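Structure record follows, encoded as structure tokens.
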Amino acid sequence: MRMANASAALAALVCAGSASAATLIHAGRLIDGVADAPRERVTVVVEGDRIRSIEAGFVAPAAGDEVIDLSGATVMPGLMDMHVHLTSEHSRRSEIDNIKKSEADRAFDSVRFAERTLLAGFTTVRNLGDQFNVSIALRRAIADGNVKGPRIFTSGRSIGTRGGHADSTNSWGPFLYSDDPRLNTVCNGADGCREAVRKRYQDGADSIKITATGGVMSIAKSGTAPQFTDVELEAVISTAHDYGMKVAAHAHGTEGMKRAVRAGIDSIEHGTLMDDEIMRMMKENGTYLVPTISAGRWVAEKAQDPTYFHPLVRPKALELGPVIQQTFGKAWRAGVPIMFGTDCGVCEHGSNAKEFGYMTEAGMPIMAAIKSATIVPARYLGIADSLGSIEAGKVADIVAVPGDPRADVHVMERVSFVMKEGVVYKR
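In case it helps, my numbering puts the sequence shown at residues 596 to 1022.
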């Protein structure tokens, strides 16, 4: 009996020691996502999936603790990209892939793109439009630990109008048309738009994406024309808000943006031809701009090759792609709320951090750009109590870059350490 009691006591001590073991991250520089300036030489103490504390200096480990030496790096919260498409990546084959790739093909592609995104330092993303609702299944697979990738908030399939930017059947021959509801991205009329939102809710989406204007990459002539009526927009947005979902509007043209903002849209994606009136309306309504400069730069570059895009796409890429960065700079100076977003899936997955360079080129200070990819989207998504900053009690989503991004913004593209929920994925 005494031996059994002794063994039990020893086991209890071992378990207690294991439970109290911590990971000590020695950060040469800490950008916590909230403060306007970094702290130097601090220790971030992680226990399990949570941040226990942030201590001044480099704390010595207790027995069983692990030390991660990032004394030569800048440590910051896991980054958030508020506009990605994890189920695809554009190439010369994209038009034929839209016909030939199955649900399973897209699923396997998404696993690769998700891991690439995570290793680039982005631990949370908002997926705005996919094929077959694959991003909803991917979200579950990542949450269950079956796949490596970022935490996903997803709209599932985009919602558009017949022939519009989200209509995946544009340019298809009649023999390719399908009644498969998994391919249906179109709504028409107020009742149809309400039903589309309810279907996304049934599918498991946690946000809604609409195409308020034409777009660059669709096989359709106009990239800027409005594509929803006021009544249709009100139906989408009010129904989504009833279900607790926010609505993002792809929008390049001014009239489509004005209609969306007046109807109560939560975010404008791209915002290419935004004018002063729209900026004023967005500030008054608290509407966010997600600029996606990366996609604009990418399509403008590819359009220099006359053979790369479909003949209907190339003129739009040449017209709209170069404008996004300039518009973003004006919006930032005007005080429009900004959230970081890239549209990766148009541009290459894993290249997300290039956006920081484009944002600072347009005049946004790097510390503000980092906040736009950390605490700002966390507040928008309603998760700031657990994510978006490095503070005691929050989830341990932590990344690091070599050097100081205030001196060289491009170090953001060389993420050297990634921890998500206390698990190290890159070091």
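For glycine and all other residues, C-beta sits at the position ideal for the given N, C-alpha and C.
All values reported here derive from a predicted model rather than from experimental measurement.
- Shown here, D786 sits in a helix according to DSSP, grouped into three states.
- Here R752 is near N779, since their CB atoms are less than 9 Å apart.
- Rounded to whole angstroms, E827 and G958 show a C-alpha spacing of 36 Å.
- Out of I646, E635, E684, the CA that lies nearest to the CA of G983 is found in I646.
- Its chain contains H865, T867, P886, T887, I888, G891 as the residues whose beta carbon lies nearer than 7 Å to that of I919, once the 5 sequence neighbours on both sides are disregarded; these appear in chain order.
- DSSP places D871 in the uninterrupted alpha helix (DSSP H) bounded by 871 to 880.
- In the structure shown, L625 adopts extended strand secondary structure according to DSSP, grouped into three states.
- With contacts defined as CB atoms closer than 9 Å, R789 and T834 qualify as a contacting pair.
- Here A948 is buried. Its C-beta has 16 or more other C-beta atoms within 10 Å.
- Under DSSP, no beta-bridge partner is assigned to Y953.
- Here V679 is near D938, since their CB atoms are less than 9 Å apart.
- If only uninterrupted alpha helix (DSSP H) runs of at least 4 residues are considered, those enclosed by the stretch 803 to 878 are 825 to 837, 849 to 858.
- DSSP places Y903 in no beta strand (DSSP E); its state is neither H nor E.
- With respect to the 9 Å criterion, V640 and G652 are not classified as neighbours on the basis of their beta carbons.
- Secondary structure at L976: helix, using DSSP grouped into helix, strand and coil.
- A straight-line Cα-Cα distance of about 18 Å links T669 and T955.
- Apart from the 5 residues on each side of it in sequence, M677 sits with its Cβ closer than 7 Å to the Cβ of R721, V885, M934, F935, G936, P972 in its chain, given in chain order.
- For the pair L915 and T819, the CB atoms are nearer than the 9 Å cut-off.
- With contact defined as three or more Cβ pairs closer than 8 Å, the stretch 843 to 850 and the stretch 891 to 907 are not in contact.
- One Cα belongs to A791, the other to I978, and the distance between them is close to 26 Å.
- By the Cβ-count criterion, D631 is exposed, with fewer than 16 other Cβ atoms from all chains shown falling within 10 Å of its own Cβ.
- For V706, the enclosing alpha helix (DSSP H) covers residues 698 to 714.
- Distance check between G809 and each of W927, H845, I970, Q797 places H845 closest, using alpha-carbon atoms only.
- One thing to note: R734 has its Cβ within 9 Å of the Cβ of F748.
- Secondary structure note for F923: its alpha helix (DSSP H) is the uninterrupted segment 919 to 929.
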